[in-house]
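In the working numbering, the protein residues as written are -2 to 67.
Just so it is clear, CB atoms sit at the ideal spot from N, CA and C, and this is done for glycine as well.
Being a predicted model, the structure only gives us computed values, none of them experimental.
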């Protein structure tokens, strides 16, 4: 039986929730959460794995409209 994903550490839990509330996730969103919640490099890597790599988040090369940046 699979257990639900619950990150360890208060700051990481807050960052995880904040990113989920953003509605989309990019590398920049994870970096912003890392700074906002003072995450460790290990915590930031965890978020990258969960949101960007695992969920196939939009690339930072795409603008707000979803079109490639000039």
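According to the neighbour-count rule (16 or more other Cβ atoms, all chains shown, within 10 Å of its Cβ), is residue i buried or exposed?
i	result
residue 32	exposed
residue 10	exposed
residue 25	exposed
Would you mind giving the Cβ-Cβ distance between residue i and residue j, rounded to the nearest angstrom? I have them listed as a contact below 8 Å.
i	j	result
residue 8	residue 45	With 8 Å as the limit, residue 8 and residue 45 do not qualify as a contact, their Cβ atoms being about 16 Å apart.
residue 43	residue 16	Actually they do not touch by this definition, with Cβ atoms about 11 Å apart.
residue 41	residue 27	6 Å
Between which two residues does the alpha helix (DSSP H) carrying residue i extend?
i	result
residue 39	38 to 44
residue 27	24 to 33
residue 13	7 to 18
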